[in-house]
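For reference, the structure discussed in these notes is given below.
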Amino acid sequence: MSTANQTEIEADPKLPIIRITREFAATPGQLFRAHTDPALFAQWVGPDGADTRIEHWDARTGGSWRYTTRLGGTEYAFRGCFHEVRQDRIVQTFTYEGEPDGVSLQTLWLEDLGDGRSRLRSQSLVDSFEGRDAWLASGMETGVNDGYAALQRMVDDGTV
Amino acid sequence: MAADTLTRVFSALADPTRRDIVARLAEGDATVGQLAEPYRMTLQAVYKHLRVLEDAGLVSRPQGPQPRPVRLETETLTQMETWLERYRRRAEQRYRRLDALLATMSHTDDKDDDDVNSQPDGNRG
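Taken in order, these protein sequences are the chains called L and H. Quick note, the first sequence lines up with residues 1 to 160 if you use the working numbering. Quick note, the second sequence lines up with residues 1 to 125 if you use the working numbering.
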């Protein structure tokens, strides 16, 4: 919405962790529902142009979930457990069924910024650096950026 | 670039001195002596840092007589940045869809907020 809502990403150099931070023009309660109500979640989890079907959904501490995503004629299935579901924090596991040995631990923090705004912080702990970097390397293609400008930005803001 | 290469890049850049060396080389090639100048460490220690950066493919030291300039291998950094940026962009796309959904919730579900917030545990929707 506003240009201030910039997604920030950080790959921890010492732990196989990816952190993403983003602000939203919404209350933590609304963000919470968008993450725990299956009908709402299916509308935004994506990716763009994908059709997500919730197969199973029990968004309670100790519950579990499974959904399939159809994209370009291929179906991908994901599943995991809701380890803890709280208004301000959701902890869950995440497995892509195409690589059933891999599992990441995802923690979401929902922070109230006041004035109907919230900050969502997510942290994904993967079971190895190789797993994380393969994860980063996978997926869609994008153009290569100007290396020097990108490097300077990463060094300046401490991403690397 | 293979995933294990990226792992070496990330761990090489985990060290503040090595990040500083990379940042300075981004402004231009430099000899080991020039690189060592601002640091309170032996030339030997600087060589050790350079070796780690070299193994990660981040810098190169062309063979030849002294002083050999150290050069930044921007391709490696570009690749790493590309991966991170691609992942960030995917998250951004996902969150823009969430923005759109939240906007409709703001209009239709404002009244529910208090109910949701007052629930002590998970809302099953």
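Just so you know, even glycine gets a beta-carbon here, dropped at the ideal spot from N, CA and C.
With DSSP collapsed to three states, give me the class of residue i.
| i | result |
| --- | --- |
| Asp20 (chain H) | helix |
| Ala150 (chain L) | Since pLDDT at Ala150 (chain L) reaches only 38, below the 50 mark, its modelled position is unreliable, and the value read off the structure follows with that caveat. Of the three classes helix, strand and coil, the one that applies to Ala150 (chain L) here is helix, per DSSP. |
| Ala12 (chain H) | helix |
| Pro69 (chain H) | strand |
| Glu75 (chain L) | strand |
| Ala26 (chain H) | coil |
| Asp55 (chain H) | helix |
Hey, would you say the C-beta of residue i is under 6 Å away from at least one heavy atom of the ligand ATP?
| i | result |
| --- | --- |
| Ala42 (chain L) | Within the structure as shown, the ligand ATP is missing, as the structure has no ligands at all. |
Using CA coordinates, which residue listed in the options is at the minimum distance from residue i?
| i | options | result |
| --- | --- | --- |
| Gly62 (chain L) | L:Asn5, L:Val91, L:Thr74, L:Gly72 | L:Val91 |
| Arg18 (chain H) | H:Glu27, H:Leu58, H:Thr5, H:Gln34 | H:Leu58 |
| Ala56 (chain H) | H:Arg97, H:Val22, H:Leu98, H:Gly64 | H:Val22 |
| Pro38 (chain L) | L:Arg121, L:Tyr67, L:Gly102, L:Pro28 | L:Tyr67 |
| Leu110 (chain L) | L:Ile17, L:Pro28, L:Pro13 | L:Pro28 |
| Pro16 (chain L) | L:Gln106, L:Asp112, L:Gly116 | L:Gln106 |
Is there a Cβ from chain A that is less than 7 Å from the Cβ of residue i?
| i | result |
| --- | --- |
| Met105 (chain H) | Absent here is chain A; the protein component of the structure consists of chains L and H. |
Since I believe residue j is in contact with residue i (beta carbons under 8 Å), could you give me their beta-carbon distance rounded to a whole number of angstroms?
| i | j | result |
| --- | --- | --- |
| Ser60 (chain H) | Arg51 (chain H) | At roughly 12 Å, the Cβ-Cβ gap does not stay under 8 Å, so Ser60 (chain H) and Arg51 (chain H) are not in contact. |
| Ser104 (chain L) | Leu125 (chain L) | 6 Å |
| Gly80 (chain L) | Trp65 (chain L) | 6 Å |
| Ala12 (chain H) | Leu53 (chain H) | 5 Å |
| Glu97 (chain L) | Phe78 (chain L) | 7 Å |
**Message:** Any C-beta of chain L within less than 9 Å: which residues of the region 89 to 103 of chain H qualify?
**Reply:** Correct list: Arg89, Arg90, Ala91, Glu92, Gln93, Arg94, Tyr95, Arg96, Arg97, Leu98, Asp99, Ala100, Leu101, Leu102, Ala103.
**Request:** Pull out every residue of the region 5 to 38 of chain H whose Cβ sits closer than 7 Å to any Cβ of chain L, in chain order.
**Result:** If the cut-off is 7 Å between Cβ atoms, the region 5 to 38 of chain H has Leu6, Thr7, Phe10, Ser11, Leu13, Ala14, Arg19, Val22, Ala23, Ala26 near chain L.
**Against chain L: residues of the region 74 to 90 of chain H by CB proximity under 7 Å** = Within the region 74 to 90 of chain H, Thr74, Leu77, Thr78, Glu81, Thr82, Trp83, Leu84, Glu85, Arg86, Tyr87, Arg88, Arg89, Arg90 place their CB atoms closer than 7 Å to a CB of chain L, listed in sequence order.
**Prompt:** Using 8 Å as the Cβ pair cut-off and three pairs as the minimum, do the region 46 to 59 of chain L and the region 16 to 24 of chain L touch?
**Reply:** The answer is no - the region 16 to 24 of chain L does not touch the region 46 to 59 of chain L, with fewer than three Cβ pairs under 8 Å.
**Stretch pair the region 80 to 96 of chain L + the region 29 to 37 of chain L: three plus CB contacts closer than 8 Å** = Yes, the region 80 to 96 of chain L touches the region 29 to 37 of chain L.
**Message:** Contact between the region 3 to 17 of chain L and the region 89 to 98 of chain H is defined here as three or more beta-carbon pairs at a separation below 8 Å; is this criterion met?
**Reply:** By the Cβ criterion, the region 3 to 17 of chain L is in contact with the region 89 to 98 of chain H, since at least three pairs of Cβ atoms, one from each stretch, lie closer than 8 Å.
**Request:** Using a Cβ-Cβ cut-off of less than 9 Å, list which residues of the region 14 to 26 of chain L approach chain H; keep chain order.
**Result:** The residues in question are Lys14, Pro16, Ile18, Ile20, Arg22, Phe24, Ala25, Ala26.
**Request:** With 8 Å as the limit, tell me which residues of the region 26 to 57 of chain L have their beta carbon closer than that to any beta carbon of chain H; keep them in chain order.
**Result:** Within the region 26 to 57 of chain L, the residues whose Cβ lies closer than 8 Å to some Cβ of chain H are Ala26, Thr27, Pro28, Gly29, Gln30, Leu31, Phe32, Arg33, Ala34, Thr36, Asp37, Pro38, Ala39, Leu40, Gln43, Trp44, Val45, Gly46, Pro47, Asp48, listed in chain order.
**Message:** Give me the subset of the region 108 to 132 of chain L whose CB atoms are less than 7 Å from a CB atom of chain H, sorted by chain position.
**Reply:** The region 108 to 132 of chain L vs chain H, Cβ under 7 Å: Phe129, Glu130.
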